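Right under this line is the structure:
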């Protein structure tokens, strides 16, 4: 019966994952390997193709962008509606791309929040602790979720409609060119574990339910929830990857890398805030990053 | 803490699309 409960939990989290995350690993890998039929991504590899790619997105997703802004709260409409193609000189390209990333990240935070709420027991935790778990866990989750979108040559963005090359990202001015390189290095290694979406769903829940986040008020119920999800993940990996030895341990070891990447990422954002006079940080991301590490 | 994280708090409290447990 206990194993049956753990299997039910794995199924439940996988269903929630499919409900809240629009671009699954299965879809992303199909696009990256050219097996998605007509769904061929537009490739951004230089400034000219970046301009064309932006136009493609702006033409198709105005209402979506408005929706993102509404989700984000007050004071951002002006800034984000000015992120359109051709409205700024080419040297503003990095900041403009950075704003697009921020918009998508804010939307992704909403998706992760909904996923967290679907973890059995999460919404019964102290509300302050729910905030703390999300504050500390969400960037780790977002970075982890970039892995299925990446290969050694580039990354899918904009829900898989665009493939941006790693070389182009490296050609941006400092420190923008440094922002995604560590994520590529991590992703290439992480992807060799060959986790699928059902594995990822459980792993994301384990990350969110970390009982050692600073400032938690009531650690015990969080650790109890995490222990159950850990058991479910261990069993699921054994069934789903019977030939992959020590996969459970290898997956858990990635949590250390993720924490370090978040620390480095937040430091880069702080640097940007100091050096870029025109930089505007999304209010939701500001909340999350303030006093983080 | 939730006072310093109003948007996050709102996302957590928003009941428009919760999964029924």
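Residue numbers (the working numbering), protein chains in the order written: chain Y, 159 to 451; chain X, -4 to 16. Note that beta-carbon positions come from the ideal geometry of N, C-alpha and C, so glycine has one too. All values reported here derive from a predicted model rather than from experimental measurement.
Which partner residues of residue i appear in the DSSP bridge assignment?
i, result
"residue 201 of chain Y", "Y/321"
"residue 313 of chain Y", "Y/308, Y/322"
Roughly how many angstroms separate the alpha carbons of residue i and residue j, rounded to a whole number?
i, j, result
"residue 193 of chain Y", "residue 345 of chain Y", "21 angstroms"
"residue 224 of chain Y", "residue 261 of chain Y", "The predicted position of residue 224 of chain Y is uncertain, since its pLDDT is 40 and thus under 50; a value taken from the coordinates is nonetheless stated next. Each residue's Cα considered, the two are about 10 angstroms apart."
"residue 399 of chain Y", "residue 408 of chain Y", "13 angstroms"
"residue 117 of chain Y", "residue 267 of chain Y", "Only positions 159 to 451 of chain Y appear in the structure, and residue 117 of chain Y is not among them; the question remains open."
"residue 228 of chain Y", "residue 295 of chain Y", "Only weak support is given to the placement of residue 228 of chain Y: the predicted model assigns it a pLDDT of 38, under 50, and the value that follows is read from those uncertain coordinates. About 23 angstroms."
"residue 360 of chain Y", "residue 308 of chain Y", "20 angstroms"
"residue 247 of chain Y", "residue 376 of chain Y", "In this predicted model, residue 247 of chain Y has a pLDDT of only 47, less than 50, meaning its place in the structure is not dependable enough to derive any value."
"residue 282 of chain Y", "residue 250 of chain Y", "45 angstroms"
"residue 245 of chain Y", "residue 387 of chain Y", "Below a pLDDT of 50, predicted positions are generally treated as unreliable, and residue 245 of chain Y, at 46, falls in that range; the measurement from the model is reported next regardless. Looking at the two C-alpha atoms, the distance is approximately 48 angstroms."
"residue 263 of chain Y", "residue 392 of chain Y", "30 angstroms"
"residue 416 of chain Y", "residue 207 of chain Y", "31 angstroms"
"residue 444 of chain Y", "residue 196 of chain Y", "38 angstroms"
"residue 351 of chain Y", "residue 405 of chain Y", "7 angstroms"
"residue 214 of chain Y", "residue 320 of chain Y", "9 angstroms"
"residue 188 of chain Y", "residue 314 of chain Y", "11 angstroms"
"residue 230 of chain Y", "residue 0 of chain X", "Here residue 230 of chain Y scores only 37 on pLDDT, less than 50, and its place in the model should not be relied on; the value that follows carries that caveat. Answer to the nearest angstrom: the Cα atoms are 12 angstroms apart."
"residue 395 of chain Y", "residue 340 of chain Y", "26 angstroms"
"residue 167 of chain Y", "residue 181 of chain Y", "22 angstroms"
"residue 221 of chain Y", "residue 160 of chain Y", "Reliability fails at residue 221 of chain Y, whose pLDDT of 38 lies under 50, so the model's placement of it is uncertain and no value is given."
"residue 410 of chain Y", "residue 448 of chain Y", "27 angstroms"
"residue 287 of chain Y", "residue 317 of chain Y", "31 angstroms"
"residue 210 of chain Y", "residue 198 of chain Y", "15 angstroms"
"residue 440 of chain Y", "residue 289 of chain Y", "18 angstroms"
"residue 432 of chain Y", "residue 328 of chain Y", "21 angstroms"
"residue 253 of chain Y", "residue 362 of chain Y", "30 angstroms"
"residue 216 of chain Y", "residue 430 of chain Y", "25 angstroms"
"residue -2 of chain X", "residue 9 of chain X", "16 angstroms"
"residue 153 of chain Y", "residue 338 of chain Y", "Nothing can be reported for residue 153 of chain Y, as the shown portion of chain Y is limited to 159 through 451."
"residue 379 of chain Y", "residue 285 of chain Y", "13 angstroms"
"residue 265 of chain Y", "residue 257 of chain Y", "13 angstroms"
"residue 437 of chain Y", "residue 255 of chain Y", "12 angstroms"
"residue 170 of chain Y", "residue 353 of chain Y", "18 angstroms"
"residue 310 of chain Y", "residue 434 of chain Y", "29 angstroms"
"residue 424 of chain Y", "residue 271 of chain Y", "20 angstroms"
"residue 212 of chain Y", "residue 277 of chain Y", "36 angstroms"
"residue 190 of chain Y", "residue 200 of chain Y", "11 angstroms"
Report yes if the C-beta distance between residue i and residue j is below 8 angstroms; otherwise report no.
i, j, result
"residue 402 of chain Y", "residue 348 of chain Y", "no"
"residue 384 of chain Y", "residue 364 of chain Y", "yes"
"residue 164 of chain Y", "residue 390 of chain Y", "yes"
"residue 172 of chain Y", "residue 355 of chain Y", "yes"
"residue 269 of chain Y", "residue 179 of chain Y", "yes"
"residue 279 of chain Y", "residue -4 of chain X", "no"
"residue 275 of chain Y", "residue 450 of chain Y", "no"
"residue 183 of chain Y", "residue 358 of chain Y", "yes"
"residue 446 of chain Y", "residue 3 of chain X", "yes"
"residue 342 of chain Y", "residue 331 of chain Y", "no"
"residue 301 of chain Y", "residue 413 of chain Y", "no"
"residue 204 of chain Y", "residue 326 of chain Y", "yes"
Return the Cβ separation of residue i and residue j in integer angstroms, given the expectation that the two are a contact with Cβ distance under 8 angstroms.
i, j, result
"residue 175 of chain Y", "residue 334 of chain Y", "With a Cβ gap of about 30 angstroms, residue 175 of chain Y and residue 334 of chain Y do not count as contacting."
"residue 442 of chain Y", "residue 366 of chain Y", "The Cβ separation is near 17 angstroms, so there is no contact."
"residue 322 of chain Y", "residue 202 of chain Y", "5 angstroms"
What I want to know is whether the C-beta of residue i ends up closer than 7 angstroms to one or more non-hydrogen atoms of the ligand FMN.
i, result
"residue 295 of chain Y", "Here there are no bound small molecules, and the ligand FMN is not part of this structure."
Problem set entry | Contacting positions in the region 376 to 391 of chain Y - beta carbon closer than 7 angstroms to chain X | none
Exercise. For the region 281 to 310 of chain Y, which residues have a CB atom closer than 8 angstroms to at least one CB atom of chain X, in sequence order?
Worked result: 281, 285, 286, 288, 289, 290, 292, 293
Exercise. Between the region 428 to 443 of chain Y and chain X, which residues of the former have a C-beta closer than 9 angstroms to a C-beta of the latter?
Worked result: 441, 442
Exercise. Going along the region 347 to 372 of chain Y in order, which residues come within less than 7 angstroms of chain X, judged by CB to CB distance?
Worked result: none
Exercise. What residues from the region 245 to 271 of chain Y come within 9 angstroms of chain X, judged by C-beta to C-beta, listed N to C?
Worked result: 264, 267, 268, 271
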